[in-house]
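Working notes for the structure below.
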Amino acid sequence: MLELARYEGRNRLRGSVYLGIAMSLLAVIVIWIYPSFADSFDDVDEELLTAYPDEVIQLFDVQTMASLEGFLAFELYVFGWTILLGLYLAYLAAGTVADDVERGRMDVLLAMPISRARTVTEKFAALAVPIVVVNVVTPVVVYVAAELVGEPIPAADVAAVHLLSIPYLFACAGIGLLASVVADRTSIAQRAALGVTFGLFMLESLLVGTDYEAVGVIAPMRYYDPNGILLESTYDLVSAGVLVAMTLALLAASVGWFRRRDV
Numbered sequence: 067m068l069e070l071a072r073y074e075g076r077n078r079l080r081g082s083v084y085l086g087i088a089m090s091l092l093a094v095i096v097i098w099i100y101p102s103f104a105d106s107f108d109d110v111d112e113e114l115l116t117a118y119p120d121e122v123i124q125l126f127d128v129q130t131m132a133s134l135e136g137f138l139a140f141e142l143y144v145f146g147w148t149i150l151l152g153l154y155l156a157y158l159a160a161g162t163v164a165d166d167v168e169r170g171r172m173d174v175l176l177a178m179p180i181s182r183a184r185t186v187t188e189k190f191a192a193l194a195v196p197i198v199v200v201n202v203v204t205p206v207v208v209y210v211a212a213e214l215v216g217e218p219i220p221a222a223d224v225a226a227v228h229l230l231s232i233p234y235l236f237a238c239a240g241i242g243l244l245a246s247v248v249a250d251r252t253s254i255a256q257r258a259a260l261g262v263t264f265g266l267f268m269l270e271s272l273l274v275g276t277d278y279e280a281v282g283v284i285a286p287m288r289y290y291d292p293n294g295i296l297l298e299s300t301y302d303l304v305s306a307g308v309l310v311a312m313t314l315a316l317l318a319a320s321v322g323w324f325r326r327r328d329v
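And the structure:
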């Protein structure tokens, strides 16, 4: 069992380690530069935020930069995790099925005693490798680096901001998976996944506080709040459950579509 998932996972391991190193380096840079600005932020935090256009504040959910937690929430977790990693996982997932179909490998795979549902599910499961690796390596680096610059962050908050990002990243990957089974070409699937994921981020960010805010309920970004975790130690398990349900729905839709399509 899970032979395909193990095979795909092993192939993703090296890239996942590189991803973990890259995001850890980004975290170190953000934490390292913070003390240089910390005193300035204490004095002008409100004025600085006022100086930014309201659209920018709303888009990136900037709440404060007068603490390392607020600075990290903006610079690392909203930008790095919510946007960059979300887009990366959607892009990565978009190639899981479409690439094999386009290159003719899917015919060989389906000639084996393995169902289409199992093929899609195990290929999706292999994406746990980059998601888990990046969320195991980076929090250790964040916690240690924060201690070294004299701005300690509670270990529980660091752990929570990463643990609760896992269902969010799987939901983004689910968007890519659906694009992968719908599109005939990998490039089309990847562009569609990037466009939909970023479009949902923009939708959620720009509709908050408007009469159309309810539309953002379909966006995974609504259910992952780094500011709430790091600034208020609020761990929203209900939202995590919504993301799990969203991921399962996207996986089920992908399986259903792939069962009916010609390869």
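The sequence shown begins at 67 in the working numbering and counts up one residue at a time.
Here a beta-carbon is modelled for each residue, glycine too, at the ideal position from N, C-alpha and C.
Model, not experiment: these values are computed from the prediction.
Return the first residue and the last residue of the alpha helix (DSSP H) that residue i is part of.
i	result
Ser299	Segment: none, Ser299 is in no alpha helix (DSSP H) and carries neither H nor E.
Leu138	Leu134 to Leu138
Pro205	Ala194 to Leu214
Asp223	Ala221 to Leu229
Tyr154	Gly152 to Ala160
Thr252	Thr252 to Leu273
Phe145	That residue, Phe145, is in no alpha helix (DSSP H); it is neither H nor E in DSSP.
Glu188	Arg182 to Ala191
Arg327	Counting along the chain, Arg327 falls outside any alpha helix (DSSP H), and DSSP gives it neither H nor E.
Val174	Arg171 to Leu176
DSSP three-state call for residue i: helix, strand or coil?
i	result
Asp166	helix
Glu74	helix
Tyr290	coil
Val110	The predicted position of Val110 is uncertain, since its pLDDT is 48 and thus under 50; no value can be drawn from it.
Thr276	coil
Glu69	helix
When you compare the CB positions of residue i and residue j, do they come within less than 8 Å of one another, or not?
i	j	result
Leu158	Ile241	no
Leu243	Thr162	yes
Ala160	Ala245	yes
Ile284	Phe236	no
Val195	Arg78	yes
Gly86	Val210	no
Leu193	Leu138	no
Which residue from the options puts its Cα closest to that of residue i?
i	options	result
Pro218	Phe145, Leu296 and Ala156	Leu296
Ala255	Ser305, Met172, Gly265 and Ala164	Ala164
Ile232	Ala191, Thr187 and Phe264	Ala191
Arg80	Val247, Ala212 and Val199	Val199
Ala311	Pro286, Ser299, Glu270 and Leu175	Pro286
Val215	Leu91, Tyr73, Pro101 and Leu70	Pro101
For residue i and chain D, any beta-carbon pair shorter than 8 Å?
i	result
Ile197	The question asks about chain D, but that chain is absent: this structure has only one protein chain.
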